[in-house]
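If you count the sequence shown from 1, position 4 lands on 43 in our numbering, and the numbers rise without skipping. Working notes, structure below.
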Amino acid sequence: QEYLARFALPRAFVRMAVARLRTDDVYNLVQYYPAPEHRSTALAAQSSCLFVILFFAPDILSNEAATMREIVDKHFVDMWVVPLYVGHTVDVGMWWE
Numbered sequence: 040q041e042y043l044a045r046f047a048l049p050r051a052f053v054r055m056a057v058a059r060l061r062t063d064d065v066y067n068l069v070q071y072y073p074a075p076e077h078r079s080t081a082l083a084a085q086s087s088c089l090f091v092i093l094f095f096a097p098d099i100l101s102n103e104a105a106t107m108r109e110i111v112d113k114h115f116v117d118m119w120v121v122p123l124y125v126g127h128t129v130d131v132g133m134w135w136e
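Listed below in structure tokens is the structure:
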């Protein structure tokens, strides 16, 4: 968080990006994974983007429990290891303790 704080992005832009990634299927993949147990697979790429963007919104991570609950329930319910880049993964459970 300290490293990314040096690159200040407009707060409205970050919140809009989080809201869009939180509520919509940006890559339109849910139609190919219709079963509810496959939702986190369908939203995996979107979850990776959301994980990174949340570092630019530490107030959401720290203070907005309802928003974070919605994000976790939709994107990370059964997939706690998120791919960030080719060969690089993150265990969300360890990062968000």
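Beta carbons are placed, not taken as given, at the ideal position from N, Cα and C, and that holds for glycine.
Name the DSSP bridge partner or partners of residue i?
i    : result
P122 : T128
Can you list, in chain order, the residues of its chain with a C-beta nearer than 7 Å to that of residue i? Leave out the 5 residues immediately preceding and following it.
i    : result
L93  : V57, I99 and L100
D130 : W119 and V120
I110 : R61 and L89
L48  : F95
T128 : V120, V121 and P122
Could you check where the alpha helix (DSSP H) with residue i kicks off and where it finishes?
i   : result
L43 : E41 to A44
Excluding the 5 residues flanking residue i on each side, which residues of the same chain have their C-beta closer than 8 Å to its C-beta?
i   : result
L60 : Q85, C88, L89 and I92
E76 : D117
L43 : F94 and F95
Spell out a yes or no on whether the region 46-57 and the region 87-107 are touching, meaning 3 or more CB-CB pairs, one atom from each, closer than 8 Å. yes
Which complete alpha helix (DSSP H) runs does the region 57-118 hold, if anything under 4 residues is left out? 78-81, 83-92, 97-102 and 104-114
Does the region 82-92 touch the region 59-69, meaning 3 or more C-beta pairs lie closer than 8 Å? At 8 Å Cβ cutoff, the stretches touch.
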